[in-house]
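Listed in order, the protein sequences are those of chains W and G.
Numbering that gives the first Met the number 0 puts the first residue of the first sequence at 0, with every later residue one more than the last.
Numbering that gives the first Met the number 0 puts the first residue of the second sequence at 0, with every later residue one more than the last.
Take a look at the structure set out below.
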Amino acid sequence: MSARTPIARVRGLGSAKGGTHHWWMQRVTALALAPLTVWFVASLIRLVGADHAAVADWLASPLTTVLMLLLIVATFHHLQLGLQVVIEDYIHGEAAKIGCIIGVKFASFALAVAAGVAVLKVAF
Amino acid sequence: MNSGNRPLSPHIQVYRWQWTMLLSITHRATGIALAAGSLLLVCWLLAVASGPDAFAAVHGFVGSWFGRLLLFGWTWALLYHLFNGIRHLFWDAGIGFELPAARASGYAVVAASVAATLAVWIAGYMSAGALG
């Protein structure tokens with residue numbers, strides 16, 4: 000039992016700090032992903048049945064490279080924000096919760112970098 | 000923070016199951032499924048970067064019946080999450096919160112996600128020349 004009062008424990012953690020940042024970034028990335036997703040699905044439809052050379056050509060065009068990199072950044076940012084909330088809701092042990100969140104963030108970052116490097120390797 | 004033995008809010012089991020609840024949990028479920036699906040996106044991009052052999056291996060998997068089933072599921076999950084996400088963004092702007100509007104937009108999201116999924120797959124097969 001801590002001698003600290005409840006107000007002392009939460010002071011400084013409220014909305015004046017980073018309280019809404021997570022929520023806001025999830026909305027900003029969602030807004031970015033809406034048109035990017037439509038573009039990506041439309042592109043995939045045109046690429047059905049395409050061979051490696053055709054897909055590499057498509058990916059190497061400057062517009063595709065830029066949009067693909069934007070899609071990767073927005074997707075993995077949005078993804079790790081969303082999974083963090085799921086973990087916080089369902090995993091209650093403090094150590095397991097923090098471990099899962101860090102794992103998700105590391106994995107998301109690694110996947111985003113891998114995807115980005117793959118796109119750049121094809122582009123250059 | 001230990002806040003003592005305060006009463007908890009009732010768990011969701013005590014509520015009558017409602018359409019809007021189902022759409023809400025489906026939004027979360029599709030989000031988790033799409034997170035798993037992002038692995039395939041990364042594999043696909045790495046395969047394109049690695050060359051024709053790796054590309055053929057990934058396409059062999061994607062083209063199999065199991066790969067197509069996964070892709071079909073992910074297509075619907077992506078479109079549902081997209082449409083329902085836009086519904087959430089309208090709510091964030093304070094629009095469409097009334098119960099009849101929330102219910103109607105929910106029906107619209109489900110109908111649109113199913114219709115768009117079928118349209119994407121028909122367009123995909125047409126693009127491949129399979130439907131002439």
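Beta carbons: idealized from backbone N, C-alpha and C, even for Gly.
Bear in mind that the values here come from a model prediction, so they are computed numbers and not experimental data.
Residue-chain proximity (residue i, chain G), Cβ-Cβ < 8 Å
i              : result
T4 (chain W)   : no
G48 (chain W)  : yes
T161 (chain W) : As shown, chain W starts at 0 and ends at 123. That puts residue 161 (chain W) outside it, with no answer to give.
G81 (chain W)  : yes
V65 (chain W)  : no
V40 (chain W)  : yes
V27 (chain W)  : no
Residue i to residue j span [Cα, whole Å]
i              : j              : result
A76 (chain G)  : L62 (chain W)  : 26 Å
A122 (chain G) : I44 (chain W)  : 7 Å
L7 (chain G)   : R27 (chain G)  : 23 Å
H155 (chain G) : A110 (chain G) : Residue 155 (chain G) is absent from the model: chain G starts at 0 and stops at 131.
T25 (chain G)  : A2 (chain W)   : 43 Å
V112 (chain W) : R67 (chain G)  : 27 Å
A126 (chain W) : A114 (chain W) : Outside the displayed span of chain W (0 to 123) sits residue 126 (chain W), for which this structure offers no information.
Q12 (chain G)  : M20 (chain G)  : 12 Å
K120 (chain W) : A49 (chain W)  : 19 Å
T19 (chain W)  : F123 (chain W) : 39 Å
G36 (chain G)  : W73 (chain G)  : 7 Å
V72 (chain W)  : V113 (chain G) : 27 Å
V85 (chain W)  : Q25 (chain W)  : 13 Å
L82 (chain W)  : M125 (chain G) : 36 Å
N83 (chain G)  : W64 (chain G)  : 28 Å
T29 (chain G)  : A106 (chain W) : 19 Å
M67 (chain W)  : L78 (chain G)  : 18 Å
L88 (chain G)  : L98 (chain G)  : 16 Å
Test: residue i CB closer than 8 Å to a CB of chain W
i              : result
A111 (chain G) : no
G84 (chain G)  : yes
P9 (chain G)   : no
W127 (chain G) : A small fix is needed here, since residue 127 (chain G) is Ala in this sequence, not Trp. Cβ-Cβ to chain W under 8 Å: yes for A127 (chain G).
A48 (chain G)  : yes
Where residue i falls: helix, strand or coil (DSSP)
i              : result
D56 (chain W)  : helix
H139 (chain W) : Chain W is shown from 0 up to 123; residue 139 (chain W) falls before or after that span and cannot be answered.
V41 (chain G)  : helix
N83 (chain G)  : helix
Q79 (chain W)  : helix
P9 (chain G)   : coil
D50 (chain W)  : coil
>> So if I threshold CB-CB distances at 8 Å, which residues from the stretch 73–106 of chain W count as touching chain G?
In response: T74, F75, L78, G81, L82 and V85
> According to a CB-to-CB cut-off of less than 8 Å, which residues of the stretch 55–68 of chain G neighbour chain W?
Replying inline: Answer set for the stretch 55–68 of chain G: A55.
> Any residues in the stretch 16–45 of chain G with a beta carbon nearer than 8 Å to a beta carbon of chain W? Which ones, in chain order?
Replying inline: Going along the stretch 16–45 of chain G in chain order, one finds R27, G30, I31, L33, A34, S37, L38, L40, V41, L44 and L45 with a Cβ nearer than 8 Å to chain W.
>> Beta carbons nearer than 9 Å to chain G: which residues of the stretch 111–122 of chain W have them?
In response: A111, A113, A114, G115, V116, A117, V118, L119, K120 and V121
>> Assess contact between the stretch 81–95 of chain W and the stretch 45–60 of chain G, defined as three or more Cβ pairs (one per stretch) separated by less than 8 Å. Is contact present?
In response: Between the stretch 81–95 of chain W and the stretch 45–60 of chain G there are fewer than three inter-stretch CB-CB distances shorter than 8 Å, so the stretches are not counted as touching.
> Listed in chain order, which residues of the stretch 71–99 of chain G have Cβ atoms closer than 7 Å to some Cβ of chain W?
Replying inline: L77, L81, G84, I85, L88 and D91
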